[in-house]
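Under the numbering used here, the first residue of the first sequence carries the number 17, and numbering increases by one thereafter.
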Amino acid sequence: MNTENKKIVTRFAPSPTGYLHIGGVRTALYAWAYARKHNGTFILRIEDTDKAREVEGSIDHIIESLKWVGVTWNEGVDIGGPNGPYLQSKRLASYRKYAQILVDKGLAYADPYTTEEVEAFRQKAQEEKRPFLFRDHRPENPPKWDGTQPLRFKVTNIKSYQWNDVVYGSLSAGTEALDDFILIKSDGYPTYNLSHMIDDLEMGVTHIMRADEFIASTPKFLALYEALEITPPVFVTLPPIMAPDGKKKLGKRDGAKDILDYKAEGYLPEAMLNFLVFIGWNPGDEREIFTSEEFIQSFDISRIHHSGGGFNVEKLDWINREHLKKLSYEEQEEYISKFIPDSLKKLPTYTNTIIHNITPVIMERIAKGSDIVKMAEDGELTYFFGKPVYDKDALFFKNSKIPEDNKYELLANYLVHAVSLLTDITDSDFMKDKIKEKLWPYAEEVGRGDILWPIRYALSGLDKSPDPFTLLEIFGKEESIDRLRNAISLLGK
RNA sequence: GGCCCUAUCGUCUAACGGUUAGGACGUAUCCUUCUCAAGGAUAAAAUCAGAGUUCGAUUCUCUGUAGGGUCACCA
17 MNTENKKIVT RFAPSPTGYL HIGGVRTALY AWAYARKHNG TFILRIEDTD KAREVEGSID
77 HIIESLKWVG VTWNEGVDIG GPNGPYLQSK RLASYRKYAQ ILVDKGLAYA DPYTTEEVEA
137 FRQKAQEEKR PFLFRDHRPE NPPKWDGTQP LRFKVTNIKS YQWNDVVYGS LSAGTEALDD
197 FILIKSDGYP TYNLSHMIDD LEMGVTHIMR ADEFIASTPK FLALYEALEI TPPVFVTLPP
257 IMAPDGKKKL GKRDGAKDIL DYKAEGYLPE AMLNFLVFIG WNPGDEREIF TSEEFIQSFD
317 ISRIHHSGGG FNVEKLDWIN REHLKKLSYE EQEEYISKFI PDSLKKLPTY TNTIIHNITP
377 VIMERIAKGS DIVKMAEDGE LTYFFGKPVY DKDALFFKNS KIPEDNKYEL LANYLVHAVS
437 LLTDITDSDF MKDKIKEKLW PYAEEVGRGD ILWPIRYALS GLDKSPDPFT LLEIFGKEES
497 IDRLRNAISL LGK
């Protein structure tokens, strides 16, 4: 492999027609990792030859998406490079030059038909259940190409092509795969068929990574490479990403959304990378959690799979959690503060100390990528920054053994006693284990639920929260006792 | 319909032609427990079907079936 000792050059070449979804990002990741591993060059090129479908702002969005997952490039639209420009609309002269070579060789001709006429041919072929082949309608005496008609490639060598693909091995196709396709559109822009090839040549691209939908058009490319006397690069065809059931191809509904949506939902970029590269590849051992660097080192294009893999959000959630655990304490704090709503950040109780204290508690409670966002939205973070509001009846444990008669007074007494126990603990000893040690005998005496639930509720105001000892430590002696006194007065004492 | 690609637990996948077909996610049960999480333990769960080659097939060949791609002045 790579015996020529040629420097490896790969590229990712999206069209600016919207956001980048996970399929595109994975392609970029593979191309990038391969170049990085072999100290090669990775290029970001933008294929903006379809002016009708172009979406304003796409390029910036694509760049932001790639940077988020940690992909960097040596040459590209935004940074230039020795073989620029990297925007196809600025390279029209190159495409024309090669188109002219084909015209001169008699291997390209102007398409004289109207769109309607071609559409009629297509319709007919479809009705007769035959593949549509333009070459069946090739004009006898095509007009001279003046740039206003589409320019078509003239396939002269109709044969069954056989070629090699790093992933799929030997591939072949019937002659039906060969046709007179369009090189230059009537608006003067080239089609992908021509432009990608010229750019790859001029930019020295050695390996093309792209999804399997291009297998069917490879014979056409091969015919064009031959006509242009270009040695094709190495083909690395990637398997498709399927919907979670592993059967259908991934659609928008199943998660083919903007990669940056995952960022907004709380997924870590390294988790996203880890997850995406594992759809269609694995290192062959039992490792599952990878940093980008580990991935690059382990990546081997010969281990890319042939079959499509499903997009499984649960696995992504798990991977995200594993990466969350690997963060340093400071990084975890930063991660959490990023998702705390502005309304809470404005409060005087929003301090570095409280963030520091609640970080491990929140981290432990994040199971899914979007949990941090959900917790923020559902108000599960609010009580950390302000006194909870709740109904006094909520203070009672659901299996309470407290007699109904004067239950408010009894519970208040329990809490008063708890407060007195807590008061005995010194500020420096006000820590989870010590608190538990102090409170436990009393809890055993009156029934654990009947005192622990109310304490927890007085502190959080929520049915679901971390355990009371943890909360007591987080809030500290003074604030904790204050919250407990609030509960006591709510009970009428 | 033509051409092409693919096929191992529900999902992602491992397995020089020889394994009790392995791991992970998820699921279930149990432990822990004031709640919700987390954590620990255990379990169920797969070679698409049929022929052929072979002493022996998940692995090689063929056929069928299923899924996917493609047949654009989209990439």
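Glycine is no exception: its CB is placed at the ideal position from the N, C-alpha and C atoms. In this text the structure is predicted, and so the values were computed from the model without any measurement.
How would you call residue i, buried or exposed, if buried means at least 16 neighbouring beta carbons within 10 angstroms?
| i | result |
| --- | --- |
| R303 | exposed |
| W456 | exposed |
| K361 | exposed |
| T234 | buried |
| L363 | exposed |
| I174 | exposed |
| K417 | exposed |
| S476 | buried |
| S323 | exposed |
| K170 | buried |
| H339 | buried |
| N55 | exposed |
| Q104 | buried |
| S211 | buried |
| K236 | buried |
| I95 | exposed |
| T222 | buried |
| S2 | The structure shown does not extend to residue 2, since the chain spans only 17 to 509, so no value can be given for it. |
| T65 | buried |
| T375 | buried |
| R52 | buried |
| T33 | exposed |
| G40 | buried |
When you compare only the Cα positions, how much space is there between residue i and residue j?
| i | j | result |
| --- | --- | --- |
| K408 | D479 | 13 Å |
| D2 | R107 | A question about residue 2 goes unanswered here, because the residues of the chain that appear run from 17 up to 509. |
| D498 | R337 | 35 Å |
| Q178 | R154 | 25 Å |
| L167 | L123 | 10 Å |
| P484 | Y430 | 15 Å |
| D449 | I312 | 44 Å |
| I335 | V377 | 19 Å |
| S314 | G86 | 17 Å |
| K160 | Y125 | 8 Å |
| A383 | H433 | 37 Å |
| L244 | M225 | 21 Å |
| V405 | T439 | 24 Å |
| I490 | R381 | 15 Å |
| Y208 | I214 | 10 Å |
| G385 | A193 | 44 Å |
| D466 | I370 | 28 Å |
| L289 | K342 | 15 Å |
| E330 | F291 | 11 Å |
| R151 | S186 | 27 Å |
| T43 | F28 | 7 Å |
| I246 | K145 | 35 Å |
| G492 | L500 | 12 Å |
| E242 | D127 | 22 Å |
| K390 | L240 | 53 Å |
In the DSSP assignment, the beta strand (DSSP E) including residue i goes from what residue to what residue?
| i | result |
| --- | --- |
| V25 | 25–28 |
| Y125 | 124–126 |
| W89 | Taken as a continuous stretch (DSSP letters only), W89 belongs to no beta strand (DSSP E), as it is neither H nor E. |
| D181 | 178–181 |
| G40 | It is not in any beta strand (DSSP E) - G40 instead sits in the alpha helix (DSSP H) that spans 38–53. |
| S186 | 185–188 |
| V250 | 250–254 |
| R168 | 167–169 |
Report back the beta-carbon spacing between residue i and residue j to the nearest angstrom; my notes put them in contact at under 8 Å.
| i | j | result |
| --- | --- | --- |
| F355 | A392 | 5 Å |
| Y458 | L437 | 6 Å |
| G325 | I295 | 4 Å |
For residue i, is the beta carbon positioned less than 6 Å from some heavy atom of the ligand GDP?
| i | result |
| --- | --- |
| R319 | Ligands displayed in this structure: none; no statement on the ligand GDP is therefore possible. |
Residue i lies in the alpha helix (DSSP H); which residues open and close that run?
| i | result |
| --- | --- |
| R501 | 484–506 |
| S353 | 345–355 |
| M379 | 368–380 |
| F58 | Note, F58: premise wrong, no alpha helix (DSSP H); beta strand (DSSP E) at 57–60. |
| H212 | 208–218 |
| L266 | Per DSSP, L266 belongs to no alpha helix (DSSP H) and is neither H nor E. |
| S476 | 464–476 |
| H433 | 423–440 |
| R112 | 108–120 |
| M391 | 387–393 |
Open item on the list: Does the segment 224–237 come into contact with the segment 249–256, if we say contact requires no fewer than three beta-carbon pairs (one atom in each stretch) closer than 8 Å?
Closed with: Touching, yes.
Task: Three or more C-beta pairs below 8 Å linking the segment 46–63 and the segment 23–37 - done: The segment 46–63 is in contact with the segment 23–37.
- [ ] Decide yes or no for the touch test of the segment 135–151 against the segment 84–99: beta carbon pairs closer than 8 Å, at least 3 of them.
- [x] No, they do not touch.
Open item on the list: Assess contact between the segment 113–131 and the segment 74–85, defined as three or more Cβ pairs (one per stretch) separated by less than 8 Å. Is contact present?
Closed with: As far as the Cβ criterion goes, the segment 113–131 does not touch the segment 74–85, which means the pair count is below three.
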